[in-house]
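Since the structure comes first, as C-alpha cells, the remarks are kept for the end.
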Amino acid sequence: MSAEAASAQLLYIVTAIIGLGVVSQVLADRFQVPSVLFLISAGVLFGPVGLGLLDPSAFGDALSSIVGLSVAIIVFEGAFHLKVNKLREAPSAQIRLITVGALISLLGTATLVRYALGQPWDLSLLIGSLLVATGPTVITPILSVVAVRDRVGAALETEGIANDVSAAILAVVMFEVLVLTGSNGFDFGEFLASFVRRLGTGVLVGLVVAGILWYVLHRLNLSRGNAPQNSRLLILVGALTAYAAADFVAKEAGIAAVATAGILLGNANLPYEEKIEEFKGDITLVVLSFVFITLAAQLKPTYLFDLGIGGIVVVLAVMFVIRPLVIFVSASGGRFTRGEKTFMSLVGPRGIIPASVATLFAIRIRNEADVIPNAETAAAVLIGTVFLVIVVTVVFEGGFARHIAEYLNVIPMRVLIIGGGKVGRSLAARLEDRGENVVLIENDETILQTAREEGYTVHEGDGTDTEVLRAAGADNAKIVVAATGDDDVNLLVAQLAESKFDVETIIARANNPDNVDAFEDLGVRTISSSLATAWAIDNVIERPALSNWMTELGRSGDVQEIEVTEPSMVGKTIEELDSELPNGVLIALVGRDGETQVPSEDFTLQNGDHVTFLGRKSAVRSAISLCHPR
C-alpha cells in the first residue's frame, strides 16, 4: 500500500471511530445506560470480526503510543476528580471500599483467574488489578436513573473515582511482574527495585509538572484574552507531557505520573477549574471512543470461546461472590441497610480503566513476545477476560439497576432540610430512621462539620441560592423543610422551593410566633418553634399520660400515612385488613377525597385511600409493605 493510500485509510479510520464514539454517547444519554455498551458494540460490529470497516492494525507500531496517550488522559481525568476534601468527609465505609475492598477484589479475582482459567499468577494478578475498578463513567449514568440515598451514591462514586486511579497503578505493577517473570524468572529484589524506580520516577515527574502548571496558571498573566482556553490547553499539554516524560525516563512510569499530577492539580484550586473540567470531559469522550472501539475491534470470538466454562465461572463469581463480599465487609457497621448493601453488591459494572489499560497492555505483551512466554495467549486471555466481565456487568448490572433498586426498595423519598442545627439534625435523624433520603444544606463551617461527623449527608452552601438548592437535588425533592434560626431565610427558601422547583410539600420553621400569620398568608405551611414548645409543656402539665405516650412513640414507635396501592387490599373492610396486620399496629385514620375520618369496622378501602398506621416501628413498616409494597 502506498504512503498516500495508507494515510487516507488512517484518516478514514480515525474519523469513523470518532463518529461512532459521538453516536454511542448520544445513544447512551438517550437510553440512560453507560456508553461503554454502545462503544464496544460499535467496535465489534464495524471491526474485523463484523463488517470489517475498521482495522486497528492499520495504525501499525504507533497503536501502542496512541492508546498510551489516551490512557494517560483517562487516568488524569479520574485523578483530577479525586478530591482530598471528599475523602476526608467520606465515612469509614467509603474508605474501606477503596482500601480493604480493593484488596479483596484484587486477590479474589486473581485467584479465580488462576484456578478457573489455569493462568499463571503473574497474569492472574494483572487481570485482578484491572478488574478492581468500576469507574464514574459507568456508575454515574446508573445513579442518574436510580435515585438511591445520597450515602449509597456517594459510596459508589467515591469507589469508582479512587479505584480508577489505584487500579491503573496496580496494573502497572503487575505488568512489571509479568515482564520480569517472563524474562529472567521472578526475583523479588529486582522487582522491588524496578517498581520503586518506576513509581518514584512517575511521582517525581508528576510533582514537577503539577508545580510548573500551578505556577504558570497562578503567577503569570493569564487574565487577559482567552484565559480559560489557554488554561485548558496548558492542562492538557501538561498531562501528556507528564506521561511522555516519565515513560521516557522509566518505561511504564507514565501512569503514575499523570495520576500524581491529576490529584495535585485537582486539589490546587486552579483558576477556571470548572472550564478545565468541562474541556477535559469532552477530550476524554473522544479518547474513550478510540480506546473502547479499538479494544472491541481487536477482539476475536476465539478470545471468548477459548475461555470456556472457566470464563463463565470467573464472571459469575466476580458478580455474585467477590462483589458482595467487598460490599458487606466494607459497609459493615449499621450505616447502610441490608437492602442498600445488596443493591451495591449487585451494581458494580466495570468500564473505562479495565478496558483502556487492558488494550494498552495487550499490545505491549505482544511487543514483548521475546521475553514473555506464550505472549499471544496471554494477550488473548487478558482481553477476553476483561471484555467478558465488562460486557456482562454493564449489560446486566447497568441495564437492570433500576429494577434491582425497586425490588430492594432502596429508592427513598428525597427530603431537603435547610439548616443543619439541632432542629435540622433531629428531624433528619427521624426521617432517616424511617428510610428517607435526607440532605442537609448548611453554610456554617462549624455546624457543617458537626453534622458530617454525626454521619449526615450535608451539602455546603447558602439555602437561599437557587443553584445551591438545585445542586443538592431540589429538582427531585418531594419535601423541603426550611429549619434555620432566621425567619427571613426560611421564608425565602420556602418561596424558592415553590416558585423554582414546584416541590410537593414545603414546611417552614417560624422562630418568632408573630411571623406565623405572615408565613401562612403566603401559602407556606408553618411550624412555630415557640408554640410547639408551649404545647409540649402544656401536654406534660395537663395530659401527662398522653405526653409520656407521645415521647415513647417518638423513641420506639412510629406514625405513617401511606396511599393504598396494593390491588389485593382494595375492596377489603377495615375489619378484614386489621386481621391481616401484624401485632402492635393500629389503623388510626383513613383519608379519602380530602376528608379524614376514624374508620368503622365495615369501612371499605378503595385504591388511593390514605391510611394512617400507628404502633411499633417494625409493625408499622410491615403494615406499609402490605398496603403499599412499592
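Residue 19 is where the sequence shown starts when you use the numbering used here, and the numbers rise one by one after that.
We treat Cβ as the ideally placed atom computed from N, Cα and C, and that holds for glycine.
Quantities reported herein were computed from a predicted structural model and do not represent experimental measurements.
query	result
Cβ shell of F64 (< 6 Å), same chain only, five flanking positions each side left out	L71 and L72
First and last residue of the uninterrupted alpha helix (DSSP H) at E516	D505 to F519
Rounded C-alpha distance that separates I497 from A528	17 Å
Opening and closing residue of the beta strand (DSSP E) in which T523 lies	T523 to A528
CA-to-CA distance, L100 to S363, given in whole angstroms	23 Å
Close-in-space but distant-in-sequence residues of the same chain around G402 (CB under 6 Å, 5 per side omitted)	Y321, L322 and L325
Local Cβ density within 10 Å of E415, reported as buried at 16 or more and exposed below that	buried
Residue from V507, D611, V223 and E296 whose Cα sits closest to the Cα of P246	E296
For G146, the three-state DSSP class (helix, strand or coil)	helix
Proximity below 8 Å, CB of A702 to CB of T544	There is simply no residue 702 to check, as the chain begins at 19 and stops at 648 in what is shown.
Integer-rounded CB distance, given that E619 should sit under 8 Å from T591	7 Å
Pick from I408, G146, T158 and A606 that is closest to A641, judged by C-alpha positions	A606
Beta-carbon separation (whole angstroms), G357 vs N455, contact threshold 8 Å	G357 to N455, Cβ: 13 Å. No contact.
Distance CB(I459)-CB(I436) smaller than 8 Å	yes
Nearest-angstrom Cβ-Cβ length linking A90 and V276, presumed shorter than 8 Å	5 Å
Distance between R488 and I36 (C-alpha atoms, nearest Å)	33 Å
Alpha-carbon spacing of A335 relative to P319, whole angstroms	22 Å
As assigned by DSSP and simplified to three states, the class of G256	helix
Separation of A500 from N530, as counted between CA atoms	14 Å
Burial state of L623 (16 or more Cβ within 10 Å)	buried
Sequence-distant residues of the same chain with beta carbon closer than 6 Å to S42, five excluded per side	S53, F56, L57 and A60
Assigned exposure category for T523 - 16 Cβ within 10 Å defines buried	exposed
Coarse secondary structure for Q615, derived from DSSP in three states	strand
Identity of the residue in G328, V131 and L283 nearest I230 by Cα	L283
Same chain, Cβ closer than 8 Å to L317, five either side skipped, listed in chain order	G61, V62, G65, V67, I401, G402 and F405
N455: first and last residue of the uninterrupted beta strand (DSSP E) it sits in	N455 to E460
Proximity winner among I273, S249, L135 and V413, relative to A398 (alpha-carbon distances)	L135
C-alpha gap between Y133 and S374, whole angstroms	25 Å
Unbroken beta strand (DSSP E) run spanning V498, endpoints	I497 to A500
Span of the alpha helix (DSSP H) around A97	A80 to F98
Best match in Q578, A446, A262 and S110 for proximity to A469 [C-alpha to C-alpha]	A446
Cβ shell of I340 (< 8 Å), same chain only, five flanking positions each side left out	I122, S123, G126, T127 and L130
C-beta neighbour in chain D for G119, strict 8 Å	No chain D appears in this structure, which consists of one protein chain only.
Rounded straight-line distance, which links the Cα of L258 to that of L225	14 Å
Uninterrupted alpha helix (DSSP H) stretches inside the segment 291 to 357 (no shorter than 4 residues)	291 to 316, 319 to 323, 326 to 335 and 341 to 348
Residues that DSSP places opposite H628 in a beta bridge	E581 and G609
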